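Enquirer: Attaching a single structure in structure tokens format; questions to follow.
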């Protein structure tokens, strides 16, 4: 045995509930879990390394099921804007100055932030995602779902009114599809990487392209991950293209694109009936609580989708907007936001938020046979959380385990002290084993300064509300 | 000069905006701020201690304007319950077993958690608050607003239906008033303590008692801090006592109790007109974003009250419910919750949340002449935040200071590394100077185990939803 964690509360997520084991122990052999049970039953003295899990929870690493980490250098750059300004006037002027290398630095920053707060799998949604995989995820030994963005819309859309239809460029779609296909070859058999197609959204892809992608996904036995029903701008394109009463869900259904092969991000612009249909078809959803709340003022329908019996998961989207890649914070946000939007303090209780970021995420991403719960034979993606902290005190086991709500409502993310991915210990006792985080912070600060200063003129000219916030001394 | 902080971003809160000073410095002489300006203008080499504030924000310590810290040992004990069950079936069975000493341990825990996350002033609302002041706040050198709870309702209300009027016991009210008056004598002239009357709520006090308290508050030049318009249960008492169309605000107005002497906590059960009237009368409000969201499923009207021009502040209430005493988390919650409830991503931007916890809190508590902003002559209640953290990277100053939104949206609270209260440095470089936090955690865990086990039978008998959550393996 390579690693044994003993004397701990195991939160296994086996079965319908949390599958808690008191005085539990976990054994790891190479890249897999070899023992899940009580400490008594494990001959842990044989292990190369023994981690004492006293006053700790040991659980599956968290799964960030939808994220664009490449823009992390723009954190805090587009905030508190009207939704209509966020992308073009807020983020746009800075985006233009981000180099390919800046995306890599951004991904490094986000992945380290995620690791520190317990994330072990990132569903990375990006153009040229292969670079991020090779230059960040693999060197850092981190599990990634590589999702290559595919779209066939001309990037030059600034001159269009929201009611103007986007132009499609078939060659662009084909090039992206080729890039995506290459990724499957490139990382075939890699234990840390799985791949998906990432058709950006129905307003960004033609139906024939989507059908083509779906067929290839069927051939490869993989999924499609798509932004679905994101709101006003998408709706305008859909009604203009397909007719007044059409919606994204209607078009996807008509073309046989709603299935358990589809991972649908956001879906806040859907009716109750549409969500029921999606659940019936086996579509998985990913909600990004902070991102959609802060960019759109909308709470993603995670609670509703779970209530309907659907598979749901949580993502952080990107740093500008929500401000972080911290899945503990996202669990708290998911629960609290769902409570207020339903005016119901019992809505989305902590165990549901915990499921969304573990076994739920694994199911949505099609990885539940290998990660998401603690079971013998699954990959060893494990985190421990130190409960012996002021904000997590007291720890009580009877008559209830108060540390379960506290894990969602009181934890900041900094209490994660050991992180193991695929059997490799990435963080031990709060310290990265092989990563110099300060040098990455330094590089990020250096590059961000240049990007923001280069963009300053464009940013002022774009004239978002942030410009006036700044002029009034608030930013 | 005793302490100089140099090379820092000062967030002064002087003027209407944030009053940022780049490459700033702050001087402290005994218990007061002696210099606020640029580093160039300060002869800091004369200082006994120099703190290098490079890559740090230096700002006023945060003000927690409404909290009951004494029940912190019950953290995680009453969560995800219907509002009607929370107090009696959820918290009640455990409350009975809390000794006076347990309240002191709870307060210690909460105050240390608050200090670690940047809170330097606590508006402590409790029965027998004097004990908490003497045994926790003064030994720890922490600023406190001591608010003695006053009510004259018999504690034995379990047998009453919500529609039954509470019995008043004048003797109980008089005893509480005497206790409150004693506090003013006891802490007179103490630089860390100011005092207020804490009439619990209109359903818990007769109008004559309230008028008596108000007169004494006028005589002493102090404020009244009261729970106001908290919802269904209060409303039932008010309409039953005063008539069908009556509300808390109408009764307070009729009796001349709405004034700038009143601090009103919560106020979510008020109409738009009532809030306008409160603002006109100069009433200050305190909202508790996590607490009210998680216990009632309601977002406190902080944004609305500020929009009306009222003085507003934020509090953490108590650990069970919101789960923490972390004011950085509360700033994030305040902004995000206000955005979704107004479907407006521009609502309650970060500078407003920052004002709510600094100068806004000071105004509501009547302490704005001495704390809440960085000005020469004010008390030295100062915190520094280390921005050189993964989750706060990058740091950019031009064309906007991205660290201002990041301070609210990306900070967990753990980035606070220096805490100074009244000129005393309580936390240096992330470490408490004179407090052994692990021994307090240990004591808290020991006591909580006993309390929860003692209460187990009552708790099961009370039969809240948490009992079934537990039976189904979720807790």
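Residue numbers (the working numbering), protein chains in the order written: chain V, 318 to 792; chain Z, 318 to 792. Cβ coordinates follow ideal geometry from the N, Cα and C atoms, glycine included. Computed from a predicted structure; not experimentally measured.
Return no unless some Cβ of chain Z is closer than 8 Å to the Cβ of residue 505(V).
Expert: In the first chain, residue 505(V) corresponds to position 188, counting from 1. Chain Z, which has no Cβ nearer than 8 Å to the Cβ of residue 505(V), makes this no.
Enquirer: Is the shortest distance between the beta-carbon of residue 543(Z) and the beta-carbons of chain V less than 8 Å?
Expert: Residue 543(Z) sits at position 226 when you count from the first residue of the second chain. False, the Cβ-Cβ gap to chain V never drops below 8 Å.
Enquirer: I'd like to confirm the pairing. Which residues does DSSP put opposite residue 624(V) in its beta bridges?
Expert: Looking up residue 624(V) in the first chain gives position 307. In the DSSP output, where bridge partners are listed per residue, residue 624(V) has none listed.
Enquirer: Closest to residue 654(Z) by CA distance: which of 616(Z), 747(Z), 681(Z) is it?
Expert: If you number the second chain from 1, residue 654(Z) lands on position 337. Here the closest residue by C-alpha is 616(Z).
Enquirer: Which residues in the same chain have their Cβ closer than 8 Å to the Cβ of residue 706(Z), if we skip the five residues on either side of it in sequence?
Expert: Taking the first residue of the second chain as 1, we reach residue 706(Z) at position 389. 732, listed in sequence order.
Enquirer: Would you kindly check if the distance between the Cβ of residue 582(Z) and the Cβ of residue 596(Z) is under 8 Å?
Expert: As a working note, residue 596(Z) is residue 279 in the second chain. As a working note, residue 582(Z) is residue 265 in the second chain. No, Cβ-Cβ distance for residue 596(Z) and residue 582(Z) is not below 8 Å.
Enquirer: Check whether chain Z comes within 8 Å of residue 789(V), counting only Cβ atoms and requiring the distance to be less than that.
Expert: The residue given as residue 789(V) occupies position 472 in the first chain. Cβ-Cβ to chain Z under 8 Å: yes for residue 789(V).
Enquirer: Please confirm whether residue 779(Z) and residue 478(Z) have their CB atoms less than 8 Å apart.
Expert: The residue you call residue 779(Z) lines up with position 462 of the second chain. The residue you call residue 478(Z) lines up with position 161 of the second chain. No, they are not a contact pair.
Enquirer: Does the separation of the CB atoms of residue 383(V) and residue 454(V) fall below 8 Å?
Expert: On the first chain, position 66 is the one that residue 383(V) refers to. On the first chain, position 137 is the one that residue 454(V) refers to. No, Cβ-Cβ distance for residue 383(V) and residue 454(V) is not below 8 Å.
Enquirer: Using a Cβ cut-off of 9 Å, pull out every chain Z residue sitting near residue 616(V), in sequence order please.
Expert: Against the first chain, residue 616(V) aligns to sequence position 299. Simply 657.
Enquirer: Taking contact to mean at least 3 C-beta pairs separated by less than 8 Å, is the segment 675-695 of chain Z in contact with the segment 323-330 of chain Z?
Expert: Because the criterion of three Cβ pairs below 8 Å is met, the segment 675-695 of chain Z and the segment 323-330 of chain Z touch.
Enquirer: Just to check my reading of the structure: residue 685(Z) and residue 378(Z) have Cβ atoms closer than 8 Å, yes? What is that Cβ distance to the nearest angstrom?
Expert: Along the second chain, one-based indexing puts residue 685(Z) at 368. Along the second chain, one-based indexing puts residue 378(Z) at 61. Wrong, their Cβ atoms sit about 14 Å apart, outside the cutoff.
Enquirer: Rounded to a whole number of angstroms, what is the C-alpha to C-alpha distance between residue 639(V) and residue 399(V)?
Expert: Here residue 639(V) is taken as the residue at index 322 of the first chain, counted from 1. Here residue 399(V) is taken as the residue at index 82 of the first chain, counted from 1. Spanning the two alpha carbons is a distance of roughly 15 Å.
Enquirer: So that I know if they touch, is there some Cβ in chain V lying closer than 8 Å to that of residue 729(Z)?
Expert: The count along the second chain starts at 1 and reaches residue 729(Z) at position 412. Cβ-Cβ to chain V under 8 Å: yes for residue 729(Z).
Enquirer: In chain Z, which residues lie less than 8 Å from residue 773(V) when you measure between Cβ atoms?
Expert: In the first chain, counting from the first residue as 1, residue 773(V) sits at position 456. Result: 715, 716.
Enquirer: Output the distance between the C-alpha atoms of residue 431(V) and residue 619(V), rounded to the nearest integer angstrom.
Expert: Mapped onto the first chain, residue 431(V) falls at position 114. Mapped onto the first chain, residue 619(V) falls at position 302. So the alpha carbons of these two residues sit roughly 21 Å apart.
Enquirer: By the three-class DSSP mapping on this structure, what secondary structure does residue 672(Z) have?
Expert: For the purposes of this step, residue 672(Z) is taken as the residue at position 355 of the second chain. Note: residue 672(Z) maps to helix in three-state DSSP.
Enquirer: Could you tell me whether the segment 482-495 of chain V touches the segment 521-531 of chain V, where touching means 3 or more Cβ pairs closer than 8 Å?
Expert: The segment 482-495 of chain V is in contact with the segment 521-531 of chain V.
Enquirer: Check whether chain V comes within 8 Å of residue 748(Z), counting only Cβ atoms and requiring the distance to be less than that.
Expert: The sequence position of residue 748(Z) within the second chain is 431, counting from 1. Not closer than 8 Å to any Cβ of chain V, the Cβ of residue 748(Z) fails to qualify, so no.
Enquirer: Exposed or buried, residue 502(V), counting other C-beta atoms within 10 Å across all chains shown (16 or more means buried)?
Expert: The count along the first chain starts at 1 and reaches residue 502(V) at position 185. That one is exposed.
Enquirer: Applying a beta-carbon distance threshold of less than 9 Å, which residues of chain Z neighbour residue 776(V)?
Expert: As a position in the first chain, residue 776(V) is number 459, starting the count at 1. Those are 716, 717, listed as they occur along chain Z.
Enquirer: Have a look at 775(Z), 743(Z), 771(Z) and flag the residue whose alpha-carbon is nearest the alpha-carbon of residue 433(Z).
Expert: Within the second chain, the letter at position 116 stands for residue 433(Z). Comparing Cα positions, the closest option is 743(Z).
Enquirer: Kindly provide the ranges of any alpha helix (DSSP H) runs that are 4 or more residues long and lie completely inside the segment 628-667 of chain Z, ordered along the chain.
Expert: Those alpha helix (DSSP H) runs which fall completely within the segment 628-667 of chain Z and span 4+ residues are 644-658.
Enquirer: So residue 717(Z) and residue 787(V) are in contact, right, with Cβ under 8 Å, and what is the actual spacing, rounded?
Expert: Within the second chain, the letter at position 400 stands for residue 717(Z). Within the first chain, the letter at position 470 stands for residue 787(V). With 8 Å as the limit, residue 717(Z) and residue 787(V) qualify as a contact, their Cβ atoms being about 5 Å apart.
Enquirer: Looking at residue 515(V): is its Cβ nearer than 8 Å to the Cβ of residue 465(V)?
Expert: Residue mapping note: residue 515(V) aligns to position 198 of the first chain, counting from 1. Residue mapping note: residue 465(V) aligns to position 148 of the first chain, counting from 1. A contact, by the Cβ cut-off of 8 Å.
Enquirer: Quickly, what does DSSP pair residue 441(V) with across the bridge? List them, please.
Expert: Your numbering for residue 441(V) matches position 124 in the first chain. Answer by DSSP bridge pairing, in chain order: 384(V), 463(V).
Enquirer: Which residues in chain Z have a C-beta closer than 7 Å to the C-beta of residue 711(V)? List them in chain order.
Expert: Locating residue 711(V) in the first chain gives position 394, where the first residue counts as 1. In chain order: 390, 392, 761, 762, 765.
Enquirer: Output the boundary residues of the beta strand (DSSP E) element that contains residue 516(Z).
Expert: Numbered from its first residue, the second chain carries residue 516(Z) at position 199. Start and end: 510-516.
Enquirer: Should residue 454(Z) be flagged as near chain V, meaning a C-beta pair shorter than 8 Å?
Expert: On the second chain, position 137 is the one that residue 454(Z) refers to. False, the Cβ-Cβ gap to chain V never drops below 8 Å.
Enquirer: Contact criterion: CB-CB distance below 8 Å. Does residue 433(V) meet it with respect to chain Z?
Expert: Residue 433(V) sits at position 116 when you count from the first residue of the first chain. True, the Cβ-Cβ gap to chain Z drops below 8 Å.
Enquirer: List the residues of chain Z whose Cβ lies closer than 8 Å to the Cβ of residue 315(V), in chain order.
Expert: As shown, chain V starts at 318 and ends at 792. That puts residue 315(V) outside it, with no answer to give.
Enquirer: Rank 559(V), 593(V), 558(V) by C-alpha distance to the C-alpha of residue 575(V) and give the top, closest one.
Expert: Here residue 575(V) refers to the residue found at position 258 of the first chain. Nearest C-alpha to residue 575(V): 593(V).
Enquirer: As an exercise, report each continuous beta strand (DSSP E) stretch of at least 3 residues that is fully enclosed by the segment 481-536 of chain Z, in chain order.
Expert: Those beta strand (DSSP E) runs which fall completely within the segment 481-536 of chain Z and span 3+ residues are 510-516.
Enquirer: For the beta strand (DSSP E) that contains residue 603(V), what are its first and last residues?
Expert: By one-based count along the first chain, residue 603(V) stands at place 286. Note, residue 603(V): beta strand (DSSP E), 601-604.
Enquirer: Find the residues of chain Z that neighbour residue 620(V), judging by a C-beta separation of less than 7 Å, and give them in chain order.
Expert: For this step, residue 620(V) is matched to residue 303 along the first chain. Chain Z residues near residue 620(V): none, gap ~12 Å exceeds 7 Å.
Enquirer: Would you tell me roughly how many angstroms separate the C-alpha atoms of residue 767(V) and residue 421(V), rounded to the nearest one?
Expert: The residue given as residue 767(V) occupies position 450 in the first chain. The residue given as residue 421(V) occupies position 104 in the first chain. Cα to Cα, residue 767(V) sits roughly 16 Å from residue 421(V).
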